[in-house]
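Enquirer:
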Amino acid sequence: MTPREECRCWLRGASSIAVLTGAGISAESGIPTFRSSSGESALPPLWKKFRPEELATPAAFARDPVLVWRWYDWRRGLVARAKPNAGHVALAELERRGRRLTIVTQNVDGLHGLAGNRDVHEIHGSIWMLRCTVCGNEWNSMETPLPHIPPACPCGGMARPGVVWFGEGIPGPAWLAAETAAVTCGVLLVVGTSAVVYPASSLVPIARSAGARIIEINLEDTAASNLVDHSLRARAGEALPDLLDF
Ligand code: OAD
Numbered sequence: 008m009t010p011r012e013e014c015r016c017w018l019r020g021a022s023s024i025a026v027l028t029g030a031g032i033s034a035e036s037g038i039p040t041f042r043s044s045s046g047e048s049a050l051p052p053l054w055k056k057f058r059p060e061e062l063a064t065p066a067a068f069a070r071d072p073v074l075v076w077r078w079y080d081w082r083r084g085l086v087a088r089a090k091p092n093a094g095h096v097a098l099a100e101l102e103r104r105g106r107r108l109t110i111v112t113q114n115v116d117g118l119h120g121l122a123g124n125r126d127v128h129e130i131h132g133s134i135w136m137l138r139c140t141v142c143g144n145e146w147n148s149m150e151t152p153l154p155h156i157p158p159a160c161p162c163g164g165m166a167r168p169g170v171v172w173f174g175e176g177i178p179g180p181a182w183l184a185a186e187t188a189a190v191t192c193g194v195l196l197v198v199g200t201s202a203v204v205y206p207a208s209s210l211v212p213i214a215r216s217a218g219a220r221i222i223e224i225n226l227e228d229t230a231a232s233n234l235v236d237h238s239l240r241a242r243a244g245e246a247l248p249d250l251l252d253f
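The sequence shown begins at 8 in our numbering and counts up by one.
1. To the nearest angstrom, how far is the alpha carbon of isoleucine 156 from that of aspartate 80?
2. Under 8 Å Cβ to Cβ from arginine 19, same chain only, skipping five residues before and after it: list those, please.
3. Measuring straight from C-alpha to C-alpha, what distance separates glycine 46 and glutamate 227?
4. What does the Cβ neighbour count give for proline 39, buried or exposed, with the cut at 16 atoms within 10 Å?
5. Taking 8 Å as the threshold, find out whether the stretch 213-224 comes into contact with the stretch 240-248 through three or more Cβ pairs.
6. How about the stretch 192-202 and the stretch 17-33: do they share at least three Cβ pairs that are nearer than 8 Å?
7. How long is the line joining the alpha carbons of glutamine 277 and serine 209, rounded to whole angstroms?
8. Can you give me the C-alpha to C-alpha distance between alanine 69 and threonine 109, rounded to a whole angstrom?
9. From which residue to which residue does the beta strand (DSSP E) around cysteine 139 run?
10. Given a threshold of 16 other Cβ atoms within 10 Å of its Cβ, counted over all protein chains shown, does proline 154 qualify as buried or as exposed?
11. Beta carbon of leucine 226: closer than 7 Å to some heavy atom of the ligand OAD?
12. Would you identify the three-state DSSP class for arginine 107, choosing helix, strand or coil?
13. Quick one: grab the DSSP three-state call for leucine 251.
14. Can you tell me where the alpha helix (DSSP H) with isoleucine 32 in it begins and where it stops?
15. DSSP state of proline 65, grouped into three classes?
16. If you pair each beta-carbon of the stretch 57-66 with each one of the stretch 167-177, do three or more pairs fall below 8 Å?
17. Smallest Cα separation from serine 133: which of Arg103, Arg82, Trp54?
18. Counting beta carbon pairs with one atom in the stretch 120-132 and one in the stretch 177-185, are three or more of them shorter than 8 Å?
19. Let's test the definition: count the other Cβ atoms within 10 Å of the Cβ of asparagine 233 and tell me whether it reaches 16, buried, or not, exposed.
20. Can you tell which of Arg104, Arg138, Thr187, Val170 has the C-alpha that lies nearest to the C-alpha of glycine 164?
21. Between Leu195, Val26, Ala207, Cys160, which has its C-alpha nearest arginine 215's C-alpha?
22. For chain B, find out if any of its Cβ atoms is closer than 8 Å to the Cβ of glutamate 13; answer yes or no.
23. With C-beta atoms as the reference, is tryptophan 135 less than 8 Å away from asparagine 147?
24. Just mark glutamate 12 as buried or exposed, buried being the case when its beta carbon has 16 or more other beta carbons within 10 Å.
25. How is glycine 169 classed by DSSP in three states: helix, strand or coil?
26. For serine 22, name the three-state secondary structure that DSSP assigns.
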């Protein structure tokens with residue numbers, strides 16, 4: 008049996024499937040990843056010189072809110088134009104066919120929901136959410152580009168992106184759902200993530216300790232590759248439709 012055949016067999020037989028996704032699943036929708044340097048993930052020169060750890064932090068925002076907002080405004084524009092790709096669609100099809108499927112995503116682009124998945128936990132939040140740094144008010148705005156940078160709350164306070172930054176905790180309910188999915192699944196699919204950002208990356212050893220089969224889909228070796236049963240070197244948009252076609 009080839010690795011792919013064995014993976015298909017595990018997926019077909021699993022009573023529940025959990026999926027941990029990262030930026031790589033959305034790369035084929037035209038949204039650049041954070042840590043790849045080539046292909047559809049390549050960043051334009053303006054943003055190439057910044058690492059995510061230099062923009063997606065409370066300290067970066069305190070130092071230069073306009074720079075951080077320009078970066079998010081640019082990403083919001085890309086996300087607004089993006090459509091779910093064959094990888095997202097294959098996961099949505101599986102749920103539509105009645106399989107128990109929980110998606111835990113580090114992505115803030117909302118593409119799993121747009122594809123049609125219902126059991127989705129966005130552990131890093133949503134790029135469309137804004138939160139007031141003064142009164143804590145949260146609201147959804149899909150306006151792009153933003154008319155004012157930095158945007159303001161009706162109270163006059165400055166708004167920040169309503170996403171989870173480095174050094175901040177994942178909201179309790181989202182994390183509880185993520186851990187539960189990892190502990191209870193028969194198979195964990197790890198798709199398009201470098202698996203270097205904690206605590207999302209810890210879901211792989213958590214699922215492994217709980218006895219799940221683990222399948223990775225990625226273009227390259229990652230921090231999780233040595234913890235998984237099979238690591239498939241493939242694009243998510245090609246491998247997911249193929250693996251989930253049963
Ligand atoms: P990364 O940019 O770190 O990793 C993307 C992964 O996707 C890499 O391992 C690529 O090899 C892989 N990849 C690229 N294209 C692919 C494709 N078509 N099919 C399959 N794999 C592909 O993204 P994340 O792991 O999601 O957090 O990064 C985690 C977190 O770091 C993000 O949620 C964000 C970021 O900073 C915050 O902003 C807090």
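We treat Cβ as the ideally placed atom computed from N, Cα and C, and that holds for glycine.
Expert: On the basis of the coordinates in this document:
1. In the sequence shown, counting from the first residue as 1, residue 156 sits at position 149. In the sequence shown, counting from the first residue as 1, residue 80 sits at position 73. Taking the straight line from one Cα to the other gives about 9 Å.
2. The residue you call residue 19 lines up with position 12 of the sequence shown. Excluding its 5 nearest sequence neighbours in each direction, arginine 19 has C-beta neighbours in its own chain below 8 Å: Phe253, listed in chain order.
3. As a working mapping, residue 46 is identified with position 39 in the sequence shown. As a working mapping, residue 227 is identified with position 220 in the sequence shown. In this predicted model, glycine 46 has a pLDDT of only 49, less than 50, meaning its place in the structure is not dependable; the value taken from the coordinates is given anyway. Each residue's alpha carbon lies about 13 Å from the other.
4. Sequence index remark: in the sequence shown, residue 39 carries index 32 (1-based). It is buried - the Cβ of proline 39 has at least 16 other Cβ atoms within 10 Å.
5. The stretch 213-224 vs the stretch 240-248: in contact.
6. With three or more CB-CB distances shorter than 8 Å, the stretch 192-202 counts as touching the stretch 17-33.
7. Nothing can be reported for residue 277: it is not among the residues displayed for the chain, which extend from 8 to 253.
8. On the sequence shown, residue 69 is found 62 positions in, with the first residue counted as 1. On the sequence shown, residue 109 is found 102 positions in, with the first residue counted as 1. Approximately 35 Å between the Cα atoms of the pair.
9. The residue you call residue 139 lines up with position 132 of the sequence shown. Counted as a single uninterrupted DSSP element, the beta strand (DSSP E) harbouring cysteine 139 occupies residues 132-139.
10. Here residue 154 refers to the residue found at position 147 when the sequence shown is read from its first residue. Here proline 154 is exposed, its C-beta having fewer than 16 other C-beta atoms within 10 Å.
11. Numbered from its first residue, the sequence shown carries residue 226 at position 219. Yes - the ligand OAD has a heavy atom lying nearer than 7 Å to the Cβ of leucine 226.
12. Walking along the sequence shown from the start, residue 107 turns up at place 100. For arginine 107, the secondary structure class from DSSP, reduced to helix, strand or coil, is coil.
13. Looking up residue 251 in the sequence shown gives position 244. In this structure, leucine 251 counts as coil in the three-state DSSP scheme.
14. Mapped onto the sequence shown, residue 32 falls at position 25. Segment 31-34, the alpha helix (DSSP H) holding isoleucine 32.
15. Numbered from its first residue, the sequence shown carries residue 65 at position 58. In the structure shown, proline 65 adopts helical secondary structure according to DSSP, grouped into three states.
16. Look at the beta carbons and you see the stretch 57-66 touching the stretch 167-177: at least three pairs across the two are nearer than 8 Å.
17. Indexing the sequence shown from 1 puts residue 133 at position 126. Serine 133 has its Cα closest to that of Arg82, out of Arg103, Arg82, Trp54.
18. Touching, yes.
19. Counting from 1 along the sequence shown, the entry for residue 233 is found at position 226. With fewer than 16 Cβ atoms within 10 Å of its Cβ, asparagine 233 is classed as exposed.
20. Working through the sequence shown from its first residue, we reach residue 164 at position 157. Ranking Arg104, Arg138, Thr187, Val170 by Cα distance to glycine 164 puts Arg138 first.
21. For the purposes of this step, residue 215 is taken as residue 208 along the sequence shown, with counting starting at 1. If we check each option's Cα against that of arginine 215, Leu195 comes out closest.
22. Going by chain labels, chain B is absent from the structure shown, which holds only one protein chain.
23. Here the question's residue 135 lines up with position 128 in the sequence shown. Here the question's residue 147 lines up with position 140 in the sequence shown. Yes, Cβ-Cβ distance for tryptophan 135 and asparagine 147 is below 8 Å.
24. Within the sequence shown, the letter at position 5 stands for residue 12. Glutamate 12 is exposed by the Cβ-count criterion.
25. Counted from its first residue, the sequence shown places residue 169 at position 162. Glycine 169 falls in the strand class under three-state DSSP.
26. The residue given as residue 22 occupies position 15 in the sequence shown. Serine 22: coil per DSSP, three-state reduction.
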